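Here is the structure we will look at, set down as structure tokens.
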Amino acid sequence: MHSDLPYLQAYPGTVQDQVRRLMGQGKAALATLLQRKYPQAHSVRTDKALYQYTTALKTSHLRNADAVNKVVFDSKIHVVRHALGLHTTVSRVQGNRLAAKHEIRIAALFKQAPEAFLRMIVVHELAHLREREHNKAFYQLCEYMEPAYHQYEFDLRLYLTHLEHSGERLWDAQEL
Numbered sequence: 001m002h003s004d005l006p007y008l009q010a011y012p013g014t015v016q017d018q019v020r021r022l023m024g025q026g027k028a029a030l031a032t033l034l035q036r037k038y039p040q041a042h043s044v045r046t047d048k049a050l051y052q053y054t055t056a057l058k059t060s061h062l063r064n065a066d067a068v069n070k071v072v073f074d075s076k077i078h079v080v081r082h083a084l085g086l087h088t089t090v091s092r093v094q095g096n097r098l099a100a101k102h103e104i105r106i107a108a109l110f111k112q113a114p115e116a117f118l119r120m121i122v123v124h125e126l127a128h129l130r131e132r133e134h135n136k137a138f139y140q141l142c143e144y145m146e147p148a149y150h151q152y153e154f155d156l157r158l159y160l161t162h163l164e165h166s167g168e169r170l171w172d173a174q175e176l
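Quick note: the sequence shown, position 12, residue 12 per full-length UniProt numbering, numbers continuous.
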């Protein structure tokens, strides 16, 4: 079944109906709601700054997890395919042992987004250092690192819905 709200398919019909009603109030209704809640974009603009941002979160919440070797904004990630970020592990043989390198790639779309959205995506990808699957333990870890994780994820999905229906990016032209 094709939904007019692909980013919100996992949410109850009542929630989807509320979003449809809001969108029915005009093209700008959802944008206004999001911009009121998240008035400005984050200041993380470079891959180096993103790496530092991610490392700081990892250090404060997952000290004993494997190191993250690379963190970048990636313009090749297509949010349309429901990927906001990717966590990959590259295994290489080093001598008589196997070494894993962890990479996190964040969709370039989120280079200009509210800090809450960036934090939610980074927390999600960091949680994969400990939990490979999207199970109960995974989401508990996400909530441990960011107590508002589920709210940020929902709001981010609202933004993606707005983007899909209007084509209008929010936070693009704002000064920091």
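Each residue gets a CB set at the ideal place from its N, CA and C atoms; glycine is no exception.
Computed from a prediction, not measured in an experiment: that's the story for all the values here.
Span of the alpha helix (DSSP H) around Glu164: Tyr149 to Ser166
Assigned secondary structure, Ala10 (DSSP; H/G/I helix, E/B strand, else coil): coil
Coarse secondary structure for Val44, derived from DSSP in three states: coil
Proximity of Phe117 and Leu156 at Cβ, strictly below 8 angstroms: yes
Residue environment, Phe110, which counts as buried when at least 16 other CB atoms sit within 10 Å: buried
Straight-line gap, Pro39 to Ala113 (C-alpha atoms, nearest Å): 10 angstroms
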